[in-house]
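Structure, as structure tokens:
Protein chains: 2
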Amino acid sequence: MKRTTPYSSPNTATPDQATSQSERATLTLREMLVQGRFLPGERLREVPLAKELGVSRIPLRLALERLAHEGFVDTRPTRGFTARQFDIADISDAIDLRGAIEGMAARFAAERNVRTEELATLRSTHEKMAELVRNGKLTLELVSEYIALNAEFHAEVLRLSGSRQLQRALDQICCLPFASPNAFLRRQYLAPESRDLFQMSVEHHRAIVEAIEFREGARAESLAREHARIARRNLESALANKTLGEVPGLQLIKL
Amino acid sequence: MKRTTPYSSPNTATPDQATSQSERATLTLREMLVQGRFLPGERLREVPLAKELGVSRIPLRLALERLAHEGFVDTRPTRGFTARQFDIADISDAIDLRGAIEGMAARFAAERNVRTEELATLRSTHEKMAELVRNGKLTLELVSEYIALNAEFHAEVLRLSGSRQLQRALDQICCLPFASPNAFLRRQYLAPESRDLFQMSVEHHRAIVEAIEFREGARAESLAREHARIARRNLESALANKTLGEVPGLQLIKL
DNA sequence: ATACCACGGTTTGCATGCAATAATGTCCGG
DNA sequence: CCGGACATTATTGCATGCAAACCGTGGTAT
Numbered sequence: 003m004k005r006t007t008p009y010s011s012p013n014t015a016t017p018d019q020a021t022s023q024s025e026r027a028t029l030t031l032r033e034m035l036v037q038g039r040f041l042p043g044e045r046l047r048e049v050p051l052a053k054e055l056g057v058s059r060i061p062l063r064l065a066l067e068r069l070a071h072e073g074f075v076d077t078r079p080t081r082g083f084t085a086r087q088f089d090i091a092d093i094s095d096a097i098d099l100r101g102a103i104e105g106m107a108a109r110f111a112a113e114r115n116v117r118t119e120e121l122a123t124l125r126s127t128h129e130k131m132a133e134l135v136r137n138g139k140l141t142l143e144l145v146s147e148y149i150a151l152n153a154e155f156h157a158e159v160l161r162l163s164g165s166r167q168l169q170r171a172l173d174q175i176c177c178l179p180f181a182s183p184n185a186f187l188r189r190q191y192l193a194p195e196s197r198d199l200f201q202m203s204v205e206h207h208r209a210i211v212e213a214i215e216f217r218e219g220a221r222a223e224s225l226a227r228e229h230a231r232i233a234r235r236n237l238e239s240a241l242a243n244k245t246l247g248e249v250p251g252l253q254l255i256k257l
Numbered sequence: 003m004k005r006t007t008p009y010s011s012p013n014t015a016t017p018d019q020a021t022s023q024s025e026r027a028t029l030t031l032r033e034m035l036v037q038g039r040f041l042p043g044e045r046l047r048e049v050p051l052a053k054e055l056g057v058s059r060i061p062l063r064l065a066l067e068r069l070a071h072e073g074f075v076d077t078r079p080t081r082g083f084t085a086r087q088f089d090i091a092d093i094s095d096a097i098d099l100r101g102a103i104e105g106m107a108a109r110f111a112a113e114r115n116v117r118t119e120e121l122a123t124l125r126s127t128h129e130k131m132a133e134l135v136r137n138g139k140l141t142l143e144l145v146s147e148y149i150a151l152n153a154e155f156h157a158e159v160l161r162l163s164g165s166r167q168l169q170r171a172l173d174q175i176c177c178l179p180f181a182s183p184n185a186f187l188r189r190q191y192l193a194p195e196s197r198d199l200f201q202m203s204v205e206h207h208r209a210i211v212e213a214i215e216f217r218e219g220a221r222a223e224s225l226a227r228e229h230a231r232i233a234r235r236n237l238e239s240a241l242a243n244k245t246l247g248e249v250p251g252l253q254l255i256k257l
């Protein structure tokens, strides 16, 4: 039950490779919740759920406890767990919150990181992304590559901030699948203004690297904040076009 | 195991009034961890710990799981839990992070809250605090009252933000006892510049209310951020004067 | 001397079953 | 016909005990 790297959020792991029953239960249940398998507010009874998941109640309970901390279920003592409902405000705010924390991370990186050569990885990741976007049309395959690089980029900024607390805070926000920086990228790929959005992202990244390099903390911070707003544009666009299907975790939104 | 109101952080509850074994275990263990009862990195073996706490391993395990999410213990699968070590950077960053989130809350309150009469509670809480500080010397008793009002004030700003996500984020940060807005107040009471710091706090609050009232989001945000820095001043001062004892959770800091 | 493996004790992970509490249905009085 | 007390069922909370994974030790082969 370790989340090894930031932004490699839990949704990427598959239940099959779980090392323990409680981990399998956690992964499967989280997936079920994200898929909207439960009605909002629906009570999750332990015995039937355990039978369905093929685990006993003890690991199931541990899984529910974790998911409660991650915000997927609510808990009332001696009255069990209920599926959590999210609304648009939750998504918007979660994205903004991520922006604020990533903003702090970028600022810390700018203010604290001294050695230029430490920026090599960040710069190289940025270059690869810029290359992808520069070279003609993005295929689905290239988008997957972009997504991986994007996760790397965000993780590297976080690493450069050197702050465990920021890391923790971001981990906890990105538990919500729709709050992660990659949440909307597959959908963005389908958007009419797709190309523009990817280009804007890359330009944001470029400027962030530059700001960190020149120790421009305030600039780095506001850039990272604004960068997160692309996700909100995608959210609005997805809502308008009813293309929520491409976005992980958006099935369980109350409209 | 519900945290009903924000800022009424877990440390206030006593293990005696726990309704379940796992809750009692959580409260007791958290207290033990905060008191520095374990060496940093020390492995927490379930059987002896359970015996010491007078509960069985199942509720203890649930407690450990929760504390892992709160950041007090680390976990490695099949290798148990270990006591977490904190350092000065963790505290500083946690305080800054709180400032950032409270800043967002203040901004949201300014940008979203429309009706003036909704500010009545906030204003009244602020007035009471101002009164306390205005009327001569703060006794220990008055400081306790101040602390309660301070929690109320911060909770009210959060409430006015209307954001569940911010609430969640703040709850999670304030799990760390030294990150809460009240963490340093008892210590601040003992500081030579005590009076000035309380006055400064009240002035911050006044300005925050004003900014919210006039919909000055950016101002509200930066005020709330700066307001949190008072805690960092207290931290530095406590470090310099070696008066860490007055600050909850500062026994477990590696210097 | 070092690397490897076998093995015993220790510790975690989990399934089962029981007790206590909450939800639900039933019956009776108004 | 409706509301409240009580009985019944359903559901959570937990203790016990067992099995598997892990760690350290010692012995053996290279």
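Sequence order for the protein chains is A and B. Everything in the first sequence is counted per the working numbering, starting at 3 for the first residue and increasing by one. Everything in the second sequence is counted per the working numbering, starting at 3 for the first residue and increasing by one. Every residue gets a Cβ at the ideal spot worked out from N, C-alpha and C, and that includes glycine.
Three-state secondary structure (DSSP) of Phe74 of chain B:
Translated into positions along the second sequence, residue 74 of chain B becomes position 72. Coil at Phe74 of chain B, not helix or strand.
Among B:Arg161, B:Ala240, B:Gln19 and B:Asn152, which residue has its Cα nearest to the Cα of Leu121 of chain B? Indexing the second sequence from 1 puts residue 121 of chain B at position 119. Looking at the Cα atoms, B:Arg161 is the closest of the given residues.
Quick check on Glu143 of chain A: buried or exposed, where buried means 16 or more other Cβ atoms within 10 Å of its Cβ? Reading the first sequence from its first residue, position 141 is the one you call residue 143 of chain A. Answer is exposed; the Cβ neighbour count stays below 16.
>> In whole angstroms, give me the CA-to-CA distance for Ala46 of chain B and Gly138 of chain B.
In response: Taking the first residue of the second sequence as 1, we reach residue 46 of chain B at position 44. Taking the first residue of the second sequence as 1, we reach residue 138 of chain B at position 136. Position check: residue 46 of chain B holds Leu in this sequence, whereas Ala was assumed. Cα-Cα distance, rounded: 48 Å.
Check your understanding: Using the beta-carbon of each residue, which ones in chain A are nearer than 9 Å to Arg60 of chain B?
Key -> The residue labelled residue 60 of chain B in the question sits at position 58 within the second sequence. In the sequence as presented, Arg is not what sits at residue 60 of chain B; that position holds Ile. Residues of chain A passing the Cβ test: Ile60 and Arg63.
Check: Using a beta-carbon distance below 8 Å, is Ala222 of chain A in contact with chain B?
Finding: Translated into positions along the first sequence, residue 222 of chain A becomes position 220. No, its Cβ sits nowhere closer than 8 Å to a Cβ of chain B.
Less than 8 Å between CB atoms is the rule here; does Ser22 of chain A satisfy it with respect to chain B?
Taking the first residue of the first sequence as 1, we reach residue 22 of chain A at position 20. Taking Cβ atoms only, chain B reaches closer than 8 Å to Ser22 of chain A, which makes this a yes.
Query raised in the report: Glu83 of chain B lies in the beta strand (DSSP E); which residues open and close that run?
Result: Within the second sequence, the letter at position 81 stands for residue 83 of chain B. Looking at the sequence shown, residue 83 of chain B is not Glu but Phe. Taken as a continuous stretch (DSSP letters only), the beta strand (DSSP E) holding Phe83 of chain B covers Phe83 to Ala85.
Could you check whether the Cβ of Leu168 of chain B sits closer than 8 Å to any Cβ belonging to chain A?
Position 166 of the second sequence holds residue 168 of chain B. Leu168 of chain B counts as touching chain A.
* Asked: Measuring CA to CA, which of B:Glu212, B:Thr245, B:His207 and B:Leu246 is closest to Ala230 of chain B?
  -> Walking along the second sequence from the start, residue 230 of chain B turns up at place 228. Of B:Glu212, B:Thr245, B:His207 and B:Leu246, the residue nearest in Cα terms is B:His207.
Q) How is the alpha helix (DSSP H) around Gly219 of chain B delimited, first residue to last? A) On the second sequence, residue 219 of chain B is found 217 positions in, with the first residue counted as 1. Per DSSP, Gly219 of chain B belongs to the alpha helix (DSSP H) from Gly219 to Asn243.
Hey, is Gly73 of chain A's beta-carbon within less than 8 Å of any beta-carbon in chain B? Taking the first residue of the first sequence as position 1, residue 73 of chain A is located at position 71. Answer yes: the Cβ-Cβ gap between Gly73 of chain A and chain B drops below 8 Å somewhere.
Which residues of the stretch 19-49 of chain B have a Cβ closer than 7 Å to any Cβ of chain A? Give them in chain order.
Thr21 and Ser22
Can you name the residues of chain A whose CB is closer than 8 Å to the CB of Glu67 of chain B?
Here the question's residue 67 of chain B lines up with position 65 in the second sequence. Under the 8 Å cutoff, chain A gives Leu64, Glu67 and Arg68.
Exercise. When burial is assigned at 16 or more other CB atoms within 10 Å of the CB, is Thr127 of chain A buried or exposed?
Worked result: If you number the first sequence from 1, residue 127 of chain A lands on position 125. Burial call: buried.
Exercise. State the DSSP-derived secondary structure class of Leu41 of chain B, mapped to helix, strand or coil.
Key: Taking the second sequence and counting its residues from 1, the one referred to as residue 41 of chain B is at position 39. Three-state DSSP puts Leu41 of chain B in coil, outside helix and strand.
Thinking Val57 of chain A and Ala27 of chain A are a contact (beta carbons under 8 Å), I'd like their distance in whole angstroms, please.
In the first sequence, the residue the question calls residue 57 of chain A occupies position 55. In the first sequence, the residue the question calls residue 27 of chain A occupies position 25. Contact holds; Cβ gap of about 5 Å.
Q. Considering only C-alpha positions, which residue in the set B:Thr123, B:Arg39, B:Leu64 and B:Ala70 is nearest to Gln23 of chain B?
A. Within the second sequence, the letter at position 21 stands for residue 23 of chain B. Among B:Thr123, B:Arg39, B:Leu64 and B:Ala70, the Cα nearest to that of Gln23 of chain B belongs to B:Leu64.
So, at 7 Å on beta carbons, what are the nonlocal neighbours of Asp95 of chain A in its own chain, with the 5 sequence-adjacent residues on each side left out?
Against the first sequence, residue 95 of chain A aligns to sequence position 93. Taken in chain order, the list of residues that qualify is empty.
Self-check item: Best match in B:Glu212, B:Asn236 and B:Glu238 for proximity to Ala226 of chain B [C-alpha to C-alpha]
Solution: Position 224 of the second sequence holds residue 226 of chain B. That would be B:Glu212, whose Cα lies nearest to the Cα of Ala226 of chain B.
Next item on the list: Take Ala107 of chain B and list the residues in its own chain whose beta-carbon comes closer than 8 Å to its own, dropping the five residues that flank it on each side.
Entry: Numbered from its first residue, the second sequence carries residue 107 of chain B at position 105. Val159, Leu160, Leu162, Ser163, Ser165, Leu168, Leu172 and Ala226.
*asked:* Against chain B, which members of the stretch 182-213 of chain A pass a CB distance test of less than 9 Å?
replied: none
Requested in this report: Evaluate the contact criterion for the stretch 71-91 of chain B versus the stretch 33-42 of chain B: three or more CB pairs, one atom per stretch, below 8 Å.
Outcome: yes
* To do: Could you give the DSSP three-state label for Leu66 of chain A: helix, strand or coil?
  => For the purposes of this step, residue 66 of chain A is taken as residue 64 along the first sequence, with counting starting at 1. The answer is helix: DSSP assigns Leu66 of chain A an H, G or I state.
**Study point:** Per-residue DSSP class, three states only, for Ala20 of chain A
**Key:** The residue you call residue 20 of chain A lines up with position 18 of the first sequence. Coil at Ala20 of chain A, not helix or strand.
Cross-strand partners of Asp89 of chain B (DSSP beta bridge)
If you number the second sequence from 1, residue 89 of chain B lands on position 87. Its beta-bridge partners are B:Lys256.
From Ala240 of chain A to Val204 of chain A, what distance separates their C-alpha atoms?
Sequence index remark: in the first sequence, residue 240 of chain A carries index 238 (1-based). Sequence index remark: in the first sequence, residue 204 of chain A carries index 202 (1-based). C-alpha separation (whole angstroms): 21 Å.
>> Quick check on Asp198 of chain A: buried or exposed, where buried means 16 or more other Cβ atoms within 10 Å of its Cβ?
In response: Looking up residue 198 of chain A in the first sequence gives position 196. With fewer than 16 Cβ atoms within 10 Å of its Cβ, Asp198 of chain A is classed as exposed.
On a Cα-Cα basis, can you pick out the residue from A:Leu252, A:Tyr9, A:Leu55 and A:Arg217 that is closest to Arg100 of chain A? As a first step, residue 100 of chain A must be located in the first sequence, where it is residue number 98. Of the candidates A:Leu252, A:Tyr9, A:Leu55 and A:Arg217, the one whose C-alpha sits nearest the C-alpha of Arg100 of chain A is A:Tyr9.
Please name the residue in B:Arg217, B:Leu51 and B:Pro183 whose C-alpha comes closest to that of Glu104 of chain B.
Locating residue 104 of chain B in the second sequence gives position 102, counting from the first residue. Cα-wise, what sits closest to Glu104 of chain B is B:Pro183.
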